[in-house]
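Trainee:
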């Protein structure tokens, strides 16, 4: 069971813990920020602290009965809602179970907490059903929504939650933590570079053994932009990667090129940046659509996005 925040979350955790201790925590929190920086972990730390019978130094003790039950995954006052295995979507039946959970009296006394992640994975029916809990909150239940892309949530849901924006950690903090987590078995700097300084995403990439595949895709994109590779060849480079991962890599490349050219003041450069921003936005939209359950033609999507990437960044980079 996770009872302590990550090193770079000390300030955010102190603020949440102080509000809980002062009985000023809102009934619904929305933790936002890039994927892979520890938002879900922070929510789990909060759940452990809220449910613990014998907290120590502001954290869950990890030893009492409630901590033991929580660690075993059978705490009756904690509920986690996420896409089922093999699915990208949180469905209405899952939210209905959450509504039933929220309406009941705490089984072990004290508080209850429901964690929804990633919240943007709720389909429209599920999100609309959640409004019942948000509009008629139970005094004993706290809802914590974790979102990598809050723009993918209906405004009606966002407006009924108190948002807490979590920033990525600094490079040195990420590097120190990742080197320890990887036991020095993989170049931490390279992992962080590929994952844009998101340490938990880097650790997941290390544990999945997917670094070489990601690097191969990035090299392929470089070749595409240099005219040495056709858009038709790109799908084969990411054969072992999820479509959403490939789109995320492309979005990363676009964002990097925008940053490189952001100081350009020429009319041509300005127009090129607008095209790049449009492509960046479209790649994000496609990722949200897939996360919401869309199942587009993989081959066509990759080829089309590769062609747009070559056209757009060829201009931006000139």
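In the numbering used here, the protein residues as written are 1 to 318. The beta carbon of each residue, even a glycine, is placed where N, CA and C say it ideally should be. Bear in mind that the values here come from a model prediction, so they are computed numbers and not experimental data.
Just tell me which of 288, 204, 236 and 227 has its CA closest to the CA of residue 251.
Mentor: Of 288, 204, 236 and 227, the residue nearest in Cα terms is 288.
Trainee: Tell me, please, whether the segment 201-209 touches the segment 169-185 by the rule of three or more beta-carbon pairs shorter than 8 angstroms.
Mentor: Segments in contact, yes.
Trainee: Going by alpha carbons, who is nearest to residue 128 out of 95, 143 and 137?
Mentor: Nearest option by C-alpha distance: 95.
Trainee: Rounded to whole angstroms, what's the CA-CA distance from residue 60 to residue 220? Just pull it up for me.
Mentor: Approximately 47 angstroms, taken between the alpha carbons.
Trainee: For residue 11, count the other beta carbons within 10 Å of its own beta carbon; 16 or more makes it buried, fewer makes it exposed. Which is it?
Mentor: Flag for residue 11 reads exposed.
Trainee: Could you give the first and the last residue of the continuous alpha helix (DSSP H) run that contains residue 163?
Mentor: No alpha helix (DSSP H) contains residue 163, which is instead part of the beta strand (DSSP E) from 162-165.
Trainee: For the putative contact between residue 293 and residue 89, defined by C-beta atoms under 8 angstroms, what is the C-beta separation to the nearest angstrom?
Mentor: Contact holds; Cβ gap of about 4 angstroms.
Trainee: Is residue 120 buried or exposed, if buried means 16 or more other CB atoms sit within 10 Å of its CB?
Mentor: Its Cβ being crowded by 16 or more others within 10 Å, residue 120 is buried.
Trainee: Count the other CB atoms, across all protein chains shown, that sit within 10 Å of the CB of residue 100; report buried if there are 16 or more and exposed otherwise.
Mentor: Answer is exposed; the Cβ neighbour count stays below 16.
Trainee: According to DSSP, simplified to helix, strand and coil, what is residue 2?
Mentor: Three-state result, residue 2: coil.
Trainee: For residue 114, which beta-bridge partners are listed by DSSP?
Mentor: BP columns for residue 114 point to 79 and 143.
Trainee: Check the DSSP bridge columns for residue 31 and list the partner residues they point to.
Mentor: Residue 31 is bridged to 146 and 164.
Trainee: For a test of the three-state rule: what should DSSP assign to residue 74, helix, strand or coil?
Mentor: Three-state DSSP puts residue 74 in coil, outside helix and strand.
Trainee: Using only alpha-carbon positions, find the residue among 108, 188 and 291 that is nearest to residue 171.
Mentor: The shortest C-alpha separation from residue 171 is found at 188.
Trainee: Taking contact to mean 3 or more Cβ pairs, one atom from each stretch, closer than 8 angstroms, check whether the segment 6-25 and the segment 67-74 are in contact.
Mentor: The segment 6-25 vs the segment 67-74: no contact.
Trainee: Could you check whether residue 114 and residue 224 sit closer than 7 angstroms to each other, using their CB atoms as the reference points?
Mentor: It is not a contact, given that the beta carbons lie outside the stated cut-off.
Trainee: On a Cα-Cα basis, can you pick out the residue from 55, 213, 299 and 306 that is closest to residue 282?
Mentor: With distances taken between Cα atoms, residue 282 lies closest to 306.
Trainee: Sorted by chain position, which residues of the same chain lie with C-beta nearer than 6 angstroms to residue 54's C-beta, five sequence neighbours on each side aside?
Mentor: Cβ within range, chain order: 61 and 64.
Trainee: Verify whether the separation of the beta carbon atoms of residue 76 and residue 107 is less than 7 angstroms.
Mentor: Yes, the Cβ-Cβ distance between residue 76 and residue 107 is below 7 angstroms.
Trainee: How would you label residue 274, buried or exposed, when you count the other beta carbons within 10 angstroms and need 16 or more for buried?
Mentor: Per the 10 Å Cβ criterion, exposed.
Trainee: Can you check DSSP and say which residues form a bridge with residue 250?
Mentor: Paired residue(s): none; residue 250 is not in a bridge.
Trainee: Can you grab the Cα-Cα spacing for the pair residue 13 / residue 33, in whole Å?
Mentor: Roughly 15 angstroms separates the two Cα atoms.
Trainee: Helix or strand or just coil, what does DSSP make of residue 174?
Mentor: Three-state result, residue 174: helix.
Trainee: Nearest-angstrom Cα distance between residue 166 and residue 39?
Mentor: In a straight line, the C-alpha of residue 166 is about 7 angstroms away from that of residue 39.
Trainee: With a Cβ-Cβ cutoff of 7 angstroms, do residue 46 and residue 162 count as a contact?
Mentor: No.
Trainee: For residue 90, does the three-state DSSP call read helix, strand or coil?
Mentor: Strand.
Trainee: Relative to the C-alpha of residue 140, which residue among 111, 87 and 79 is closest?
Mentor: That would be 111, whose Cα lies nearest to the Cα of residue 140.
Trainee: So, for residue 258: in the same chain, excluding its five sequence neighbours on each side, which residues have a beta-carbon less than 8 angstroms away from its beta-carbon?
Mentor: Counting only Cβ-Cβ distances below 8 angstroms, and skipping sequence neighbours, we find 273, 276, 277, 280 and 316.
Trainee: Which residue from 214, 178 and 2 puts its Cα closest to that of residue 73?
Mentor: The option with the nearest alpha carbon to residue 73 is 2.
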